[in-house]
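Participant: Residue numbers (the working numbering): 4 to 337.
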Ligand SMILES: [Zn+2]
């Protein structure tokens, strides 16, 4: 019943708020008490921001990653090859995505499994597609053209590829599934329709029968300068314990300027469906600045979302916090 209530409240939320772009006022939430386990020796590898930057640059060099295009396909093949090169067992989960313009296209969730036989597992996720229309662009002539997607798409993937590279060189005693969802960002603006299609598909058709994970961490738009990573309502509702642990860890690492102790309200992103359909707690690290005109960074869903938006300190902070979280988790000290 409790679960049903949760699901109902999320469904109401989905109806009430605009997909991927609602503008709630942020409110300060009370700090929650957190268990502080004693430090155990765990080697946390150094996340290399330059490396993740190059992974973003490489994605952009393919061109836009709109499902159904040749550049999307070429980028997919490169991503699969990279993960395999880092020692992952990779599953390409194909599905058909329907778009607001009435068209549909072949799409693929990419699932890179590390230590696939281990029971204890954590998911790290991002979306790898880029939006087929820059509908927030100031220039009306540009609004039906696909965007570069450096921050929106490229940044989360770039951080996760670097973590995959680190896992290869620093074996981790836990299962990690890096899931790159496709067709997240093709939704109809101002509606709740056609968003997050890859995560919806995966949540209903997990890549392994009876698959489960302890929790998941979603990265979306993590590469812009001076980001604000607050605590959104769905993350707090379904993965509250993990949210508090991760934000506390970030603060201890000196990154509370980015991982702010604020409730950023309602948001629709891939984690909503992993939480409500797959029933796996998943939090979202997403830049939702209260200081910009839209609630996202200023180049969100426009043609200025190119490499010039990407800031290496942001990549370093997010990448290092997530890396620390999983290596600590592997030794039971997260
Ligand atoms: Zn987007």
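Quick reminder that beta carbons are idealized off the backbone N, C-alpha and C, glycines included.
Going by C-alpha distance, which of 208, 176 and 154 is nearest residue 310?
Facilitator: 154
Participant: In angstroms, rounded to a whole number, what distance separates the CA positions of residue 30 and residue 143?
Facilitator: Here the model assigns residue 30 a pLDDT of 39, short of 50, so the residue's position is not dependable, and the following value carries that caveat. Taking the straight line joining both Cα atoms gives about 34 Å.
Participant: Give the DSSP-derived three-state secondary structure of residue 62 in the structure shown.
Facilitator: In the structure shown, residue 62 sits in a helix (DSSP, three-state: H, G or I).
Participant: Under the three-state reduction of DSSP, which class applies to residue 50: helix, strand or coil?
Facilitator: The answer is coil: DSSP assigns residue 50 none of H, G, I, E or B.
Participant: For residue 196, which option in 100, 331 and 87 has the closest C-alpha, if you only look at C-alpha atoms?
Facilitator: 100
Participant: Excluding the 5 residues flanking residue 146 on each side, which residues of the same chain have their C-beta closer than 7 Å to its C-beta?
Facilitator: 136, 137, 138 and 140
Participant: Looking only at DSSP bridge pairs, what is residue 113 linked to?
Facilitator: 95 and 183
Participant: Tell me the DSSP bridge mates of residue 330?
Facilitator: In the DSSP output, where bridge partners are listed per residue, residue 330 has none listed.
Participant: What residue from 288, 51 and 279 has the CA that sits closest to residue 267's CA?
Facilitator: Nearest C-alpha to residue 267: 288.
Participant: Taking the alpha-carbon positions, what's the residue 115 to residue 95 distance?
Facilitator: Taking the straight line joining both Cα atoms gives about 9 Å.
Participant: How many whole angstroms separate the CB atoms of residue 83 and residue 59, which I take to be in contact at a CB cut-off of 8 Å?
Facilitator: Contact flag wrong, Cβ pair sits at about 18 Å.
Participant: Does ligand 1 have even one heavy atom less than 6 Å from the beta-carbon of residue 155?
Facilitator: Residue side-chain check: residue 155 places its Cβ nearer than 6 Å to a non-hydrogen atom of ligand 1.
Participant: If you measure between the beta carbons of residue 261 and residue 320, is that distance less than 7 Å?
Facilitator: yes
Participant: With 16 other CB atoms within 10 Å as the buried threshold, where does residue 259 fall?
Facilitator: exposed
Participant: Hey, out of 88, 300 and 273, whose CA is closest to residue 165's CA?
Facilitator: 88
Participant: Is it the case that the CB of residue 188 approaches a heavy atom of ligand 1 more closely than 6 Å?
Facilitator: Under cutoff, so the answer is yes.
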